[in-house]
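Numbering (my numbering), first residue to last: 2 to 198.
Even glycine gets a Cβ: it sits at the ideal position worked out from N, Cα and C.
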């Protein structure tokens, strides 16, 4: 009978480190890292927080530990700079845990410039799936990196503000922050329905 290899401490699965980050726009994000990469920055009170955390544990098979890490600290510092007006992209590693289609959409979200928006239809076109705006909308909604991977920059084809994990008020705050305007002066229609297109 063959002897099974022993798993030593250095080979054991690293836990997912998570901590909470309060934000000036209201609410807080769960910041999480695994294997020296950020794996989550999701709204604690968001409508899909438990789904994202379950997906994270499914992909990593790791336990969750409330603690910080260098990557979490870098993400926290980046968020502070963002709210102080920095337009610099993230300078820490992200680990996308999802389907190939989700990863492609999330990568495209990173390419939306600060202060600009894109429609779901335009994003579907960029993803090479021009007739799949709804599928793109689902992938955008599954984004586990709020603010950092800027899904708040995606709007409906009629310039409506569609769903956002942090809520409509936060989405409006973020867009106003990036456009350097008051919420009342945003050039978007305030829409509570989930319009994709």
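Between the region 131-148 and the region 91-107, the count of C-beta pairs closer than 8 angstroms reaches three or more; the two stretches touch. Residue 82 sits in a helix when the DSSP states are folded into three classes. If you draw a straight line from the Cα of residue 63 to the Cα of residue 14, it is about 6 angstroms long. Closest in alpha carbon position to residue 34, among 82, 137, 24, 75, is 75.
Looking at the backbone, the Cα of residue 121 and that of residue 104 are separated by about 16 angstroms. Beta-bridge analysis with DSSP links residue 169 to no other residue. Counting only the Cα atoms, residue 139 lies some 30 angstroms from residue 69.
About 5 angstroms separates the beta carbons of residue 43 and residue 31, which is inside the 8 angstroms limit, making them a contact pair. Pairwise C-beta distances place the region 116-132 out of contact with the region 18-29, as fewer than three of them are shorter than 8 angstroms.
Rounded to whole angstroms, residue 91 and residue 113 show a C-alpha spacing of 13 angstroms. Taking 8 angstroms as the upper bound for CB-CB distance, residue 118 and residue 155 are in contact here, some 7 angstroms apart. By the CB criterion at 7 angstroms, residue 28 and residue 164 fall outside the cutoff. Contiguous alpha helix (DSSP H) elements confined to the region 2-63 occur at 50-61, taking only those with 4 or more residues. Taking 8 angstroms as the upper bound for CB-CB distance, residue 187 and residue 175 are not in contact here, some 11 angstroms apart. In the DSSP secondary-structure assignment, residue 67 is bridged to 19. Our two residues, residue 85 and residue 60, have alpha carbons roughly 34 angstroms apart in a direct line.
The region 72-129 is shown to contain whole alpha helix (DSSP H) runs of 4 or more residues at 101-111, 121-127, in chain order.
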